[in-house]
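Report on the structure given below.
Protein chains: 2
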Amino acid sequence: MMQLHTLTIVGVGLIGGSIGLAAKQRGLAQRVVGVGRDASRLRQAIACGAIDEGTSDLCQASAEADLMIFCTPVNRIAEQVLQAMPHCKPDAILTDAGSVKGPIVADIEASLSGEVRFLGGHPLAGSEKKGVEHANAELFTDRVTILTSTDRTAPSAVQGVRAFWQALGSRVHVMPPSDHDRALAMTSHLPHLIASALAGVLDDRWHAFAATGFRDTTRIAAGDPDVWTPIFAQNRDALLASLTAFETRLRSFREAITNNQTAQIDSLLFNGKKVRDALGS
Amino acid sequence: MMQLHTLTIVGVGLIGGSIGLAAKQRGLAQRVVGVGRDASRLRQAIACGAIDEGTSDLCQASAEADLMIFCTPVNRIAEQVLQAMPHCKPDAILTDAGSVKGPIVADIEASLSGEVRFLGGHPLAGSEKKGVEHANAELFTDRVTILTSTDRTAPSAVQGVRAFWQALGSRVHVMPPSDHDRALAMTSHLPHLIASALAGVLDDRWHAFAATGFRDTTRIAAGDPDVWTPIFAQNRDALLASLTAFETRLRSFREAITNNQTAQIDSLLFNGKKVRDALGS
Chain P
1180 MMQLHTLTIV GVGLIGGSIG LAAKQRGLAQ RVVGVGRDAS RLRQAIACGA IDEGTSDLCQ
1240 ASAEADLMIF CTPVNRIAEQ VLQAMPHCKP DAILTDAGSV KGPIVADIEA SLSGEVRFLG
1300 GHPLAGSEKK GVEHANAELF TDRVTILTST DRTAPSAVQG VRAFWQALGS RVHVMPPSDH
1360 DRALAMTSHL PHLIASALAG VLDDRWHAFA ATGFRDTTRI AAGDPDVWTP IFAQNRDALL
1420 ASLTAFETRL RSFREAITNN QTAQIDSLLF NGKKVRDALG S
Chain A
1180 MMQLHTLTIV GVGLIGGSIG LAAKQRGLAQ RVVGVGRDAS RLRQAIACGA IDEGTSDLCQ
1240 ASAEADLMIF CTPVNRIAEQ VLQAMPHCKP DAILTDAGSV KGPIVADIEA SLSGEVRFLG
1300 GHPLAGSEKK GVEHANAELF TDRVTILTST DRTAPSAVQG VRAFWQALGS RVHVMPPSDH
1360 DRALAMTSHL PHLIASALAG VLDDRWHAFA ATGFRDTTRI AAGDPDVWTP IFAQNRDALL
1420 ASLTAFETRL RSFREAITNN QTAQIDSLLF NGKKVRDALG S
């Protein structure tokens, strides 16, 4: 069982707050420090038990950290990691929880030499909710966390971060950043785009007739655009490739419906059902 | 409070079974008769309290009915209503629970003269589950039921069917069949098509990374193709028009992502979030 002296969480929202709560409840760290710009939100994080202390001073917090986890929007992570790194202890490990990995890992590795003690991470857990007030110590239990290593990643960083997520109850997969980004483009970023596009074309007159099917299909469209716009921008190529595959399937539906090819409609629907049934509830 | 002598339900699956259960629990009918081809399923419906008696003889069942509700797939409803009608008592009311209304109502009215005692209906409740074993007496409580009247619909049919659905706890809206079909193309049929298309393009390798967002967005793809293929075929024009609006929105996303227009991505995502937030959970 791992025990850290100081766990430092940069960005204490839903994900960062849940990591803090879970680590404290499981006794994984003697001390959990939250880093953020908004003092009132840090006080709120202390009040709900997600962190022990809060600070806005990233450099000072870095100097004391054994494990640092960056839970800020994906367009800020690389810059913050590179800002923190020179202040860290030589054996400190740094990781993140961002939904895109390629550009973050590439930016960080391009600015450093030799073995890198930063390891990209992404817990596949979340919610359309935001804020530490929705933090939940069981958010990662029985969920998948992806870690992305490269030929420059320090093996001890992989070991340490893997052990940390496993201790939070996660199933850990390790893969290259580009594999993560292709997979998540399809399993997360494209669904978000689709949900948002569908919600966006609903006519006001028809709100009353949007029942559970519409609500399920569009639920994630309630997510925070401040989080999702940078994800779409950073994972552009993989997201566009997934969108192309989806649009091709839409054209197959359109053709079958236009031409009254009911056997073809049936076959497309069976194909989707087979995949969805395999996923379980 | 209405009380029918004989309520006759043709097609005792999830919807028909739930109507039977709800009507019996609320004392709306002295006797509930189920009509179906499969004797074992009718026995199952009796066993779970959804109907009192079952028969495969539609004509005989029609002769005894005060209110008949057709809960069969949309491509069979018009034919069955026309088969039943000549056997019905002169003051019997007929309605259905199909997800498409225009072609059903048009086919029925084209084959009859004068005032018509059939009224199109559609409770906006359901599930990706099927079968009477999932029937639920509260399925319609606080849900919307749409009734479609035309200039040929008997006013007493509108009154009777409205009172019935209100007694099951539904909020009733009355509108022309074409309005129903346009609204439902967007709120139900297009989401089903999208969910199915998205599930269908998920690569096998990535199943493990399909978390709650993907699962919510594709949940309805598990629905029965035997139900959905006829819906897509019967509501072709309205569904294709909704699909066009959705594809146009996808192109806006593609253009903004391709050109790194983050303000435009943000604006599209905010638009979707605003609509989804307005719907509530």
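Protein sequence lines correspond, in order, to chains P and A. Using the numbering used here, you'd call the opening residue of the first sequence number 1180 and step up by one each time. Using the numbering used here, you'd call the opening residue of the second sequence number 1180 and step up by one each time. Where a beta carbon is used, it is the ideal one built from N, C-alpha and C, also for glycine. Since we're looking at a predicted model, the values are computed, not measured.
Item to complete: Determine whether the Cβ of P/V1454 lies closer than 8 Å to any Cβ atom of chain A.
Response: In the first sequence, counting from the first residue as 1, residue 1454 of chain P sits at position 275. Yes, because at least one Cβ of chain A sits closer than 8 Å to the Cβ of P/V1454.
Worksheet entry | Under 7 Å by beta carbon: chain P residues contacting A/P1370 | On the second sequence, residue 1370 of chain A is found 191 positions in, with the first residue counted as 1. Result: L1377, G1392, F1393 and T1396.
Worksheet entry | Residues that DSSP places opposite A/V1214 in a beta bridge | Here the question's residue 1214 of chain A lines up with position 35 in the second sequence. Answer by DSSP bridge pairing, in chain order: A/V1189 and A/T1234.
Discussion item. For P/I1287 and P/C1250, which I take to be in contact (beta-carbon distance under 8 Å), what is that distance rounded to the nearest angstrom?
Written reply: Numbered from 1 along the first sequence, position 108 holds the residue referred to as residue 1287 of chain P. Numbered from 1 along the first sequence, position 71 holds the residue referred to as residue 1250 of chain P. With a Cβ gap of about 16 Å, P/I1287 and P/C1250 do not count as contacting.
Worksheet item: DSSP state of P/A1201, grouped into three classes?
Response: Position 22 of the first sequence, counted from the start, is the residue given in the question as residue 1201 of chain P. It is helical.
Worksheet item: Between which two residues does the beta strand (DSSP E) containing A/P1302 stretch?
Response: Within the second sequence, numbered from 1, the residue matching residue 1302 of chain A stands at position 123. A/P1302 -> beta strand (DSSP E) spans F1297 to P1302.
Discussion item. Residues in the same chain with beta-carbon distance under 7 Å from A/Q1259, minus the five sequence neighbours each way, listed in chain order, please.
Written reply: One-based indexing of the second sequence puts residue 1259 of chain A at position 80. Counting only Cβ-Cβ distances below 7 Å, and skipping sequence neighbours, we find V1189, L1237, F1249 and T1251.
Practice prompt. Determine, using beta carbons only, whether P/N1450 comes closer than 8 Å to chain A.
Written response: For the purposes of this step, residue 1450 of chain P is taken as residue 271 along the first sequence, with counting starting at 1. For P/N1450, the answer is yes, since a Cβ of chain A falls inside 8 Å of its Cβ.
Worksheet item: Helix, strand or coil for P/F1249 per DSSP?
Response: Position 70 of the first sequence, counting from 1, holds the residue named residue 1249 of chain P. Here P/F1249 sits in strand by DSSP.
Discussion item. Short of 7 Å in beta carbon distance, which residues of its chain neighbour P/S1357, apart from the five on each side in sequence? Order them along the chain.
Written reply: Translated into the one-based positions of the first sequence, residue 1357 of chain P becomes position 178. The answer, listed in chain order, is G1281.
Discussion item. My parser needs the alpha helix (DSSP H) runs of 4 or more residues fully inside the stretch 1378–1420 of chain P; what are they?
Written reply: 1391–1397 and 1404–1413
Item to complete: Quick one: using the 10 Å Cβ neighbour count with 16 as the cut-off for buried, is P/H1359 buried or exposed?
Response: One-based indexing of the first sequence puts residue 1359 of chain P at position 180. It is buried - the Cβ of P/H1359 has at least 16 other Cβ atoms within 10 Å.
Worksheet item: Do you know how far the Cα of A/Q1204 is from the Cα of A/S1446?
Response: Locating residue 1446 of chain A in the second sequence gives position 267, counting from the first residue. Locating residue 1204 of chain A in the second sequence gives position 25, counting from the first residue. Approximately 49 Å between the Cα atoms of the pair.
Worksheet item: Where does the unbroken beta strand (DSSP E) through A/L1207 begin, and where does it stop?
Response: Counted from its first residue, the second sequence places residue 1207 of chain A at position 28. Careful: A/L1207 lies outside any beta strand (DSSP E) and carries neither H nor E.
Discussion item. Is there a C-beta anywhere in chain A that falls below 8 Å from the one on P/S1367?
Written reply: As a working note, residue 1367 of chain P is residue 188 in the first sequence. By this cut-off, P/S1367 is an interface position.
Worksheet item: Using a beta-carbon distance below 8 Å, is A/T1441 in contact with chain P?
Response: To locate residue 1441 of chain A, count along the second sequence from 1; it is residue 262. Closer than 8 Å to some Cβ of chain P, the Cβ of A/T1441 qualifies, so yes.
Worksheet item: Between A/S1241 and A/K1268, what straight-line distance do the alpha-carbon atoms span, to the nearest angstrom?
Response: Along the second sequence, one-based indexing puts residue 1241 of chain A at 62. Along the second sequence, one-based indexing puts residue 1268 of chain A at 89. For A/S1241 and A/K1268, the distance between alpha carbons rounds to 8 Å.
Worksheet item: Three or more beta-carbon pairs under 8 Å between the stretch 1366–1373 of chain P and the stretch 1412–1425 of chain P, yes or no?
Response: yes
Discussion item. Just checking: is the beta-carbon of A/L1447 within a distance shorter than 8 Å of some beta-carbon in chain P?
Written reply: One-based indexing of the second sequence puts residue 1447 of chain A at position 268. Yes, because at least one Cβ of chain P sits closer than 8 Å to the Cβ of A/L1447.
Worksheet item: Which term fits A/A1218, buried or exposed, when burial requires 16 or more other beta carbons within 10 angstroms of its beta carbon?
Response: Taking the second sequence and counting its residues from 1, one reaches residue 1218 of chain A at position 39. Classification of A/A1218: exposed, given that the 10 Å Cβ count is below 16.
Practice prompt. Indicate the three-state DSSP secondary structure (helix, strand or coil) for P/T1441 in the structure shown.
Written response: Position 262 of the first sequence, counted from the start, is the residue given in the question as residue 1441 of chain P. Correct three-state label for P/T1441: helix.
Discussion item. For P/A1336, would you say it is in contact with chain A, using Cβ-to-Cβ distances shorter than 8 Å as the test?
Written reply: In the first sequence, the residue the question calls residue 1336 of chain P occupies position 157. No, P/A1336 lies away from the interface with chain A (no Cβ there is under 8 Å from its Cβ).
Worksheet item: Just the Cα atoms here: how many angstroms apart are A/V1295 and P/N1414?
Response: Numbered from 1 along the second sequence, position 116 holds the residue referred to as residue 1295 of chain A. Numbered from 1 along the first sequence, position 235 holds the residue referred to as residue 1414 of chain P. If you take the alpha carbons of A/V1295 and P/N1414, they lie about 57 Å apart.
Worksheet item: Mind checking A/Q1209: buried by the 16 CB within 10 Å criterion, or exposed?
Response: The residue you call residue 1209 of chain A lines up with position 30 of the second sequence. It counts as exposed.
Worksheet entry | Status (buried if at least 16 other CB within 10 Å, exposed otherwise) for P/S1375 | Taking the first sequence and counting its residues from 1, one reaches residue 1375 of chain P at position 196. By the 10 Å Cβ count, P/S1375 comes out buried.
Worksheet item: What does P/L1372 pair with, by DSSP beta-bridge criteria?
Response: Residue 1372 of chain P sits at position 193 when you count from the first residue of the first sequence. In DSSP, P/L1372 forms no bridge with anything.
Worksheet item: Any Cβ of chain A within less than 8 Å of the Cβ of P/R1341?
Response: As a working note, residue 1341 of chain P is residue 162 in the first sequence. No, P/R1341 does not count as interfacial toward chain A.
Practice prompt. Return no unless some Cβ of chain A is closer than 8 Å to the Cβ of P/A1257.
Written response: Sequence index remark: in the first sequence, residue 1257 of chain P carries index 78 (1-based). False, the Cβ-Cβ gap to chain A never drops below 8 Å.
Worksheet item: When the Cα atoms are used, what is the spatial distance from P/V1337 to P/G1299?
Response: By 1-based counting over the first sequence, the position of residue 1337 of chain P is 158. By 1-based counting over the first sequence, the position of residue 1299 of chain P is 120. P/V1337 and P/G1299: Cα-Cα distance of roughly 9 Å.
Item to complete: Could you name the residues that DSSP lists as bridge partners for P/R1350?
Response: Sequence index remark: in the first sequence, residue 1350 of chain P carries index 171 (1-based). DSSP output for P/R1350 lists P/V1323 as bridge partner(s).
Fill in: From P/I1399, P/L1448 and P/D1382, residue whose alpha carbon lies closest to that of A/A1400
Here residue 1400 of chain A refers to the residue found at position 221 of the second sequence. Closest option to A/A1400, Cα to Cα, is P/L1448.
Discussion item. Once DSSP output is grouped into helix, strand and coil, what is the label at P/M1291?
Written reply: Along the first sequence, one-based indexing puts residue 1291 of chain P at 112. Note that residue 1291 of chain P is Leu in the sequence shown here, rather than Met. Residue state, collapsed to three classes: coil.
Worksheet item: Looking at the C-beta of P/R1433, does it have a partner C-beta in chain A at a distance below 8 Å?
Response: The sequence position of residue 1433 of chain P within the first sequence is 254, counting from 1. Yes, P/R1433 lies at the interface with chain A (some Cβ there is under 8 Å from its Cβ).
Worksheet item: Quick one: Cα of A/A1442 to Cα of P/R1394, how far?
Response: On the second sequence, position 263 is the one that residue 1442 of chain A refers to. On the first sequence, position 215 is the one that residue 1394 of chain P refers to. Their Cα atoms are separated by approximately 26 Å.
Item to complete: Could you work out which residues of chain A lie near P/D1275, taking near to mean beta carbons separated by less than 7 Å?
Response: One-based indexing of the first sequence puts residue 1275 of chain P at position 96. Going along chain A, no residue has its Cβ under 7 Å from P/D1275, so there is no contact; the nearest lies around 17 Å.
Worksheet item: According to the neighbour-count rule (16 or more other Cβ atoms, all chains shown, within 10 Å of its Cβ), is P/A1244 buried or exposed?
Response: Here the question's residue 1244 of chain P lines up with position 65 in the first sequence. Result: buried.
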